[in-house]
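Below is one structure, written out as structure tokens; comments come after it.
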Amino acid sequence: GKTTTSGNGGDEIKIGAIFSASGGAAPLGKPEMETVKMLVKQWNEQGGIDGKKIKLIAYDDKSDQNEAVLSAKKLIEQDNVTAIIGGTISGNSLAMIPQIEKAGIPYISLAASKQIVNPSDGSSRHWTFKTAQGDNIVIQKLLGFLKEKRWLNVAWLNVANAYGTSGHEEFVHYAPEYGVKAVIEEEFEATVDDAKAMLTKVKKANPQAIIVWGTAQESAVVTKNIRQLGIAAPIVESHGIGTKSFIDLAGEAANDVWFPAGRILVADQLPDSDPQKETLLKYKQDFEKAYGYAPTTFGGHAWDAFHLLANAIKEGGTEKEKIRSALENTRKFIGISGVFHMSKDDHTGLDADSLVMVQIQDGKFVLAEQ
Amino acid sequence: MEAWSQFVQLLFSGLTVGSIYALVALGFVITYSVTGILNLAQGDFAMLGALFCVTLVNDGVPFVLAIGLSIVAVMAIGALFERLAIQPARRSPVAVLIIITIGASFVFRGIALLVWGTNPYALRPFTGHGALEAFGAVIQWQSVWAIILSLASFAALHLFFHRTYIGKAVAACVINPFAARLMGIDIRKMSLGAIAASAGLGALAGIVIAPISGASYDMGMMIGLKAFIAAVVGGLTNAPAAIAGAFLVGLLESFAEGYLSSGYKEAISFGLLLLVLFFMPNGLFAKMTGKRV
Amino acid sequence: MEHGQRMTDGRKRWLWLAGAVVWLGLPWLVFGNNYVLSTLVLIGLYALVGTGMTLLMGYAGQISLGQAAFYGMGAYTSAYLTAHAGWPAWLALVAGAALAALVALVVGIPVFRLREHYLALATLGFGVIMFTFFKEWKGITGGLNGFFGIPPIRIAGIPLQSDWQFYYLVSSFVLAGGWFARNVVRSRVGRALRAIHGSEVAASSLGVNITKYKLQIFILSAVYASVAGSLYAHYVTFINPDLFGIIPSIYFLIMVIIGGTASVWGGLVGAAVYVCLGEWLKAVVPLLLPNAGGEFEIVFFGLLLVIMLIYMPNGLTGVAPQGLRRCWKTSWRQSERATAVDSHKARSIGGEQG
Amino acid sequence: MSAMLLEVEQLSKSFGGIQAVQNVSFYVKKEDIVAVIGPNGAGKTTLFNMISGIVPPTSGFVRFQGAIVSGKQPHELAMLGMTRTFQNLQLFADMTVLENVMVGFHSRLKSGIVSAGFRLPRTVKEEKQAQEQAFFCLEQVGLAHLAWERAGTLPYGMQRLVEIARAAVSRPSLILLDEPMAGLNPQESKQLVDVLLMMREQGFSFLFVEHDMETVMAIADRIVVLDYGKKIAEGAPEEIARHPDVIKAYLGEEAV
Amino acid sequence: MLTLRNVHVHHGHLHVLKGIDLHVGQGEIVAIVGANGAGKSTLLGTMAGVYAPTEGEILFEQKPLPYGKAEKIVDQGICLVPERRQIFDSLSVRDNLLLGAYRRHRRDGQEVKRDYERVLELFPKLQTMLDRPGGLLSGGEQQMLAIARGLMARPKLLLLDEPSLGLAPLVVKEVMGMLTQLCDQFQTSMILVEQNVRAALQIADEAYVLERGQIVMHGKAAELLADERVAEAYLGAAGRR
Ligand SMILES: Nc1ncnc2c1ncn2[C@@H]1O[C@H](COP(=O)(O)OP(=O)(O)OP(=O)(O)O)[C@@H](O)[C@H]1O
Ligand SMILES: Nc1ncnc2c1ncn2[C@@H]1O[C@H](COP(=O)(O)OP(=O)(O)OP(=O)(O)O)[C@@H](O)[C@H]1O
Ligand SMILES: [Mg+2]
Ligand SMILES: [Mg+2]
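Residue numbers (the numbering used here), protein chains in the order written: chain A, 148 to 517; chain B, -1 to 291; chain C, 19 to 372; chain D, 2 to 257; chain E, 48 to 288.
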């Protein structure tokens, strides 16, 4: 839906946004949209950017690539926005990028694929940035953890969609570096009701640990099934399960599951020395007050994107190239997903330290010792 | 022995999944055999049933009552859907009716999204989290419930269609609505009843599944699709065949996943289904159709 | 009657002229607005698929729930052959169409032994299987991560990259496709197909080879979809399997139903209405409900769809005003289709009952 | 004197346990009108369906213009010059009357999907010819004024005439008619009888099933009588009318 | 028993019946004859609640008929045996017959059983094929089934649309005889639409001639049978039938 927040002509800054607030990626896109709406309201109440009100023009691409492309065109051609945030999922971001690059508009994607900033076909990414840790970063964190625990023979299970396969690719790419080996690799459907058929094979392979790479709903089913089959190996999962609903869905079975996650999940458990703690707590508080539930890492990506952009506009004014170079020169920006250090070659600016390992204990997310 | 227990495990998995498809497939069959409509919103009844039940349970309504209430609520929605969307379009071509049900499915999904948001919800199992062990394989109690309920619904339906007078009248409605009217069969009432009943069955299916796989606003689509396939493989107007079809699809998927690759699971089951269709074009369990020149 | 015919012809010429002016002039009318143009391009691509499906549904009497598979075949063939094998785009487009035709032939032979809903299921199954291929055949399709960097299509060495260029390209295809379809429909072949729709036994006892014609139309519709897919790939330059799954197939079906199969232009009308409706809702819903999200659009879209189909089950081309339709139908007029025909009766005449 | 057109040899058909047709043999010569009569359920329609290729015979064969045709598809038979009408009308209800008849001309046209799609001159010419022929045929059965009506809205009797026109427009050498008079009132039947007789003059041959004995007696050159799937009699109308078995099984005592 | 006053019916824009007045008395057989497309089937359909009149009134047993509500009309005792048979083709012959009594099976189950036996006696041919799907019967067999199914409703007024269509001459005779018998035994009234005009007029009491949606002639059946105009128009020129 198109939403117009405040702003009556004249001195305003138009920011375009595209989220997958409905459709398949809605669990990701909805908190993103809500976060940005909340932030725009906050900033405008405090006078906007340099006295100029922010006008947010947000579209819902319904998790559909064509909708995303059309919405991007609309933002560029019709709404004449200064910059664009969004593209909840990688496919949609990737489909939008060519025209955004052509039009020359600063763009911050919220999706994870590294293709968004480092395309394998070498096409231009002058204007494109992103705020989500790529799967390469998450996998490295996870592999580091496995290495530390000396769980080197693992079972790899991923959900059969873009999220799952991209995780799998990174895993295959980095595992040797950490001395980790998959004794079995399997895929399961996002709509899985019963994964025991697949898990019997896993049980036979006798891994030291099982990695389940999926989002909350399907991972919960698999996790429950692992426990039901009485497989004793520890379970390590992806950052995609970092929501309350995973714990609800998996129930008892969720306990003891490990996974890498952004700090937002365990904000209050962080040591006071953590540079992000204050920012995290503030976001958490604000979001909970506005929407009545805890913020997600995805909302966090949107928070980062908005602030990065707002700061760049503060610095560079409404001129596009100036905003872009301000973005590229971001240093030590303390955000939700981590501390950002952008550069010409790194349009993400995050590394594995932006993540922590979390374990579920008694139905709670608990920060594992570093 | 190892191989044996894997086999049994796969069998259990297949039965679990199959029973879920079966419950929804029965809904398809009822609607189709009374109205001649393939109701692609059938899966969404499951979704609505599950989410209603979750909400009621969370609000402290006793479990059994919550189940009953959600089924009744979804039946009411089904009835409303029939009156507002199906009845006025009775005379449209089949394809149009199918698309109308798709449209209705959008509406249901959109409303669910509005009310319940995007998060998946959990529902507690009917009888404890325990599992049953046999031959070195495990099956959750909830799966046993699913299987029992699907078989019970089937038995009830079978009796209804083949042993009761009304059952025959119901069948007559789709075979020749014009003649059915002349026999004094109230097609509109039949169609209302059928869709409400299949909505109720759908809701029951959703409630049974929710403890196994969770409940979310978008769960209807995939369940609906698979159940649709199950129903067609069996033969659309034939309840026992649809049940058999559902278990067949469930087992096929489970064994394909266990013994072959899981990535191609869908393609394998669909592919085999195509073969079945090609060699038995009216479904596996087709009877004489009564068509000639 | 002779007189009336000539009058119609005269009026028709003016209509053609006006149409041509609008067609050629549109990019200037919406000057500089690539958004509008790309909406039109998208409509055009959908319309191309829809025209094929209109033929299939309206004339071969077959619902296809897997049309996006052919769309995808065109897109991936073009993408792979141009990006990795260095073929010229036009050749790749033809190759895609040939591949789709071949697949349609192979699939069609067994599929058309089926009837009614079983046939619908078979096409659905085919769609799912093709989707799995797109997804799993990573070496060629790039899997779920998608296929990047598809080179542009060229005419006389000039790469077509801007929206207005694509607008002309795609709309030419749509017009040519529509013209071809219209001719087919008004010929012996189209008549045979409609006859099959009415009564298969009767058609065959008059010399109509049912399987052959159904298969030909199926192949034709596959070619339409494949060509549209190729054009899409060159237009957006990034494709991924989700674009060619079951949901898009259902959307194509919706478009054709909205447009109606009473005329071969049903596909175009349906695509236009479908896309515009979506865009319109995007604009209107927030005005009505300022805090609503995308979910409202879904609800409204669903409601509109239902209402529209209840009141015009034969689609928009089925209820188009008589005058307009007379322009479309030159060879002879057709009695008002919209008169409420007791469907039961109609069925017992045409069907195989009894 | 005239050549054999159709020869049916020892044709049988059973459906599961039901012997619908048993060892039936007969023939039709050029410009013959042969009637098949018999009680309800005697196997007449089944016999027709076998001859026209809609159902395969269980045993026996059919020879058409000297060649064995059993096992051929209906559309192949139509191409060879054998068309039929149906006991339960099989009109294309959503098409106009003219279009219905034009479909009948299908077997005489050649243009395929490609030449039709590009609207090659050949196609245009063929279309014109088809339309003219169809119109002519409609005129002959007296329905030209209804050419533009949707076939499904016509009353039953006229639909029958359309079906006959549709079967005749391609000028096949043999037309099979399954109860052509059913639903026509006597006056209309008479009109149809005239049409059929006129068509015979033009070289058509007919094989038809009919319960209206008046018509049968009026136009049939020969009559084949079936009962319980078996042929019980064959001969000229006068013979049949007097045949005791036929009277007992079919006509009843005070026959025509 | 049944009275129509100035009944008009439209199909879409088509004005099919233009002011029909008609009366059927208790135990009477009324024949309606007329050319193809005159509106005979439409007339019967209107009485059976398939179509609703746009003007005029229909009284059944002094009460207005519930227009367009077929199931209510069946309850009141009117049953239509439609043209083209309209068999439930994938249901067995037995089920087809039983469905004929759908409206009353709960009220008087025993009687339905007796009727079932009785109807099968009338059509012994059907007895041999009770388990076959109705759609596989031959044309004439289906016609018998349709009539038998209509009788199962035990109507006070039976509407028959071309019942002799497709029946062998011997069977036509039997059916016509049976209808007279039925009429006498059970005081069932009947409206008979027939192309086989002679057969119809022979058993009917009253007769109406319908042309282009209007009654053009009406009288005692025997009188019409003797009428020259009728003979010329409907009995074939020779008037032999
Ligand atoms: N497909 C079928 N399956 C089973 N039985 C069939 C089938 N077709 C016909 N029969 C049976 O075979 C017998 C002959 O049927 P057919 O239709 O040939 O009779 P007919 O002589 O045309 O009768 P009528 O004069 O009533 O039309 C009938 O008893 C019929 O029920
Ligand atoms: N459902 C319908 N829709 C539109 N027109 C119809 C419909 N049914 C009948 N008609 C038209 O109404 C007129 C009367 O038809 P009807 O079937 O009542 O005639 P009929 O006297 O029974 O003819 P027949 O002797 O052929 O059975 C005809 O012109 C017919 O075309
Ligand atoms: Mg017959
Ligand atoms: Mg009639």
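All C-beta atoms, glycine included, are put in the ideal place defined by N, C-alpha and C. Values in this document were obtained by computation on a predicted structure and should not be read as measured data.
- Taking the CB atoms as reference points, tell me whether D:R151 and D:D95 lie closer together than 8 Å. Translated into the one-based positions of the fourth sequence, residue 151 of chain D becomes position 150. Translated into the one-based positions of the fourth sequence, residue 95 of chain D becomes position 94. At the C-beta level, D:R151 and D:D95 come within 8 Å of one another.
- Over the uninterrupted beta strand (DSSP E) stretch that includes E:H328, give me the two end residues. Shown here, chain E extends from 48 to 288; a query on residue 328 of chain E therefore has no answer.
- Task: Check each candidate in B:T116, B:K187, B:P86 and B:G128 and name the one with the smallest Cα separation from A:S169.
- Result: By 1-based counting over the first sequence, the position of residue 169 of chain A is 22. For A:S169, the closest C-alpha among the options B:T116, B:K187, B:P86 and B:G128 is that of B:T116.
- Message: Rounded to whole angstroms, what is the Cα-Cα separation between B:H156 and B:P238?
- Response: Walking along the second sequence from the start, residue 156 of chain B turns up at place 158. Walking along the second sequence from the start, residue 238 of chain B turns up at place 240. The C-alpha of B:P238 is placed about 7 Å away from the C-alpha of B:H156.
- Item | Extent of the continuous alpha helix (DSSP H) run through C:Q85 | In the third sequence, the residue the question calls residue 85 of chain C occupies position 67. Segment Q85 to A101, the alpha helix (DSSP H) holding C:Q85.
- Query: In whole angstroms, what is the alpha-carbon distance linking E:L90 and E:L51?
  - Reply: Your numbering for residue 90 of chain E matches position 43 in the fifth sequence. Your numbering for residue 51 of chain E matches position 4 in the fifth sequence. About 10 Å.
- Query: Which residues mark the beginning and the end of the alpha helix (DSSP H) in which A:F393 is found?
  - Reply: Position 246 of the first sequence holds residue 393 of chain A. Per DSSP, A:F393 belongs to the alpha helix (DSSP H) from K391 to A397.
- Any heavy atom of ligand 2 closer than 7 Å to the Cβ of E:A354? It is not possible to answer for residue 354 of chain E, since the shown part of chain E is limited to 48 through 288.
- Task: Let me know the secondary structure DSSP gives A:K491 once reduced to three states.
- Result: In the first sequence, residue 491 of chain A corresponds to position 344, counting from 1. Residue state, collapsed to three classes: coil.
- Message: Does the beta-carbon of D:V226, which I'm using as the reference point, lie nearer than 7 Å to any heavy atom of ligand 3?
- Response: If you number the fourth sequence from 1, residue 226 of chain D lands on position 225. Checking the Cβ of D:V226 against ligand 3 gives no.
- Task: Tell me where the beta strand (DSSP E) around A:M243 begins and ends.
- Result: Here residue 243 of chain A refers to the residue found at position 96 of the first sequence. Where A:M243 is concerned, there is no enclosing beta strand (DSSP E), although the alpha helix (DSSP H) it sits in stretches over S237 to A250.
- Per DSSP, the bridge partner or partners of D:G236: As a working note, residue 236 of chain D is residue 235 in the fourth sequence. Answer is D:I224, bridged to D:G236.
- Output, in chain order, the set of chain B residues within a Cβ distance shorter than 9 Å of E:Y149. Position 102 of the fifth sequence, counted from the start, is the residue given in the question as residue 149 of chain E. The answer, in chain order, is Y163, I164, K166, A167, A170, A178, M181, G182 and I183.
- Message: Rounded to the nearest angstrom, what separates A:D421 and A:V505 at their Cα positions?
- Response: What you label residue 421 of chain A is simply residue 274 of the first sequence in a count that begins at 1. What you label residue 505 of chain A is simply residue 358 of the first sequence in a count that begins at 1. Cα to Cα, A:D421 sits roughly 16 Å from A:V505.
- Task: Would you decide whether E:N243 is buried or exposed? Buried here means 16 or more other CB atoms lie within 10 Å of its CB.
- Result: Mapped onto the fifth sequence, residue 243 of chain E falls at position 196. Counting Cβ neighbours within 10 Å, E:N243 comes out buried, since at least 16 surround it.
- Three or more C-beta pairs closer than 8 Å, one from the stretch 1 to 9 of chain B and one from the stretch 165 to 184 of chain B: is that the case here? Look at the beta carbons and you see the stretch 1 to 9 of chain B not touching the stretch 165 to 184 of chain B: under three pairs across the two are nearer than 8 Å.
- Message: Alpha carbons only, please: which of C:L224, C:L249 and C:I61 is nearest the one belonging to C:W108?
- Response: Position 90 of the third sequence holds residue 108 of chain C. Nearest neighbour of C:W108 by Cα position, chosen from C:L224, C:L249 and C:I61, turns out to be C:L249.
- Report the rounded CA-to-CA distance for C:P266 versus C:A86, giving the unit in angstroms. Looking up residue 266 of chain C in the third sequence gives position 248. Looking up residue 86 of chain C in the third sequence gives position 68. Their Cα atoms are separated by approximately 6 Å.
- Contact with chain D by C:R29, beta-carbon distance below 8 Å: Looking up residue 29 of chain C in the third sequence gives position 11. No, no contact with chain D.
- Message: Runs of 3 residues minimum, wholly inside the stretch 75 to 99 of chain E: which ones carry the beta strand (DSSP E) assignment?
- Response: Assignment of beta strand (DSSP E) within the stretch 75 to 99 of chain E, counting only whole runs of 3 or more residues, yields 76 to 81 in chain order.
- Does DSSP put A:W405 in a helix, a strand or coil? As a position in the first sequence, residue 405 of chain A is number 258, starting the count at 1. In this structure, DSSP gives A:W405 an extended state, which the three-state scheme calls strand.
- Item | Minimum Cβ-Cβ distance from B:P118 to chain C less than 8 Å | Within the second sequence, residue 118 of chain B is the residue found at index 120, counting from 1. With its beta carbon at least 8 Å from every one in chain C, B:P118 lies outside the interface.
- Query: What is the DSSP secondary structure of A:D451, counted as helix, strand or coil?
  - Reply: Within the first sequence, residue 451 of chain A is the residue found at index 304, counting from 1. The answer is helix: DSSP assigns A:D451 an H, G or I state.
- Task: With hydrogens ignored, establish whether the beta-carbon of E:V63 is closer than 7 Å to any heavy atom of ligand 2.
- Result: Counting from one through the fifth sequence, the residue named residue 63 of chain E turns up at place 16. For ligand 2, a non-hydrogen atom lies closer than 7 Å to the CB of E:V63.
- Enumerated in chain order, which unbroken segments of the beta strand (DSSP E) with a length of 3 residues or greater are wholly contained in the stretch 6 to 90 of chain D? You should have 19 to 30, 34 to 38, 60 to 65 and 83 to 85.
- Item | Opening and closing residue of the beta strand (DSSP E) in which D:I209 lies | One-based indexing of the fourth sequence puts residue 209 of chain D at position 208. In the sequence as displayed, the identity of residue 209 of chain D is Phe instead of Ile. For D:F209, the uninterrupted beta strand (DSSP E) run begins and ends at S206 to V210, by DSSP.
- Query: Can you find a heavy atom of ligand 2 that lies under 7 Å from the Cβ of E:A117?
  - Reply: On the fifth sequence, position 70 is the one that residue 117 of chain E refers to. No, since every heavy atom of ligand 2 falls outside the 7 Å radius drawn around the Cβ of E:A117.
- Task: Would you kindly work out how many angstroms separate the C-alpha atoms of A:S267 and A:A322, rounded to a whole number?
- Result: Here residue 267 of chain A is taken as the residue at index 120 of the first sequence, counted from 1. Here residue 322 of chain A is taken as the residue at index 175 of the first sequence, counted from 1. Their Cα atoms are separated by approximately 21 Å.
- Any C-beta of chain B under 8 Å from that of A:P174: In the first sequence, counting from the first residue as 1, residue 174 of chain A sits at position 27. At least one chain B Cβ lies under 8 Å of A:P174.
- Counterpart residues of D:R151 in DSSP-defined beta bridges: What you label residue 151 of chain D is simply residue 150 of the fourth sequence in a count that begins at 1. DSSP, once it has assigned bridges, lists D:T97 as partnering D:R151.
- Task: Could you spell out where the beta strand (DSSP E) holding E:F107 opens and where it closes?
- Result: Residue numbering aside, residue 107 of chain E sits at position 60 when the fifth sequence is read from its first letter. Note, E:F107: beta strand (DSSP E), E102 to F107.
- Task: Within the same chain, show all residues whose beta-carbon is closer than 8 Å to that of B:P209, passing over the 5 residues directly before and after it, in chain order.
- Result: As a working mapping, residue 209 of chain B is identified with position 211 in the second sequence. Leaving aside the five residues that flank B:P209 on each side, the residues in its chain whose CB is nearer than 8 Å to its CB run, in chain order, A120, L121, R122, P123, F124 and Q140.
- Are the C-beta atoms of A:E333 and some chain C residue less than 8 Å apart? Counting from 1 along the first sequence, the entry for residue 333 of chain A is found at position 186. Among the CB atoms of chain C, none fall inside 8 Å of the CB of A:E333.
- Message: Assuming D:V1 and D:V102 are in contact, meaning their beta carbons sit under 8 Å apart, how far apart are those beta carbons, in whole angstroms?
- Response: With chain D running from 2 to 257 in the structure shown, residue 1 of chain D is simply not present.
- Measure how close the beta-carbons of E:G187 and D:G42 come, nearest whole angstrom, since I'm counting them as under 8 Å. For the purposes of this step, residue 187 of chain E is taken as the residue at position 140 of the fifth sequence. For the purposes of this step, residue 42 of chain D is taken as the residue at position 41 of the fourth sequence. That pair is a contact at about 6 Å.
- Could you tell me if B:Y257 is buried or exposed, where buried requires 16 or more neighbouring beta carbons within 10 angstroms of its beta carbon? Here residue 257 of chain B refers to the residue found at position 259 when the second sequence is read from its first residue. B:Y257 comes out exposed.
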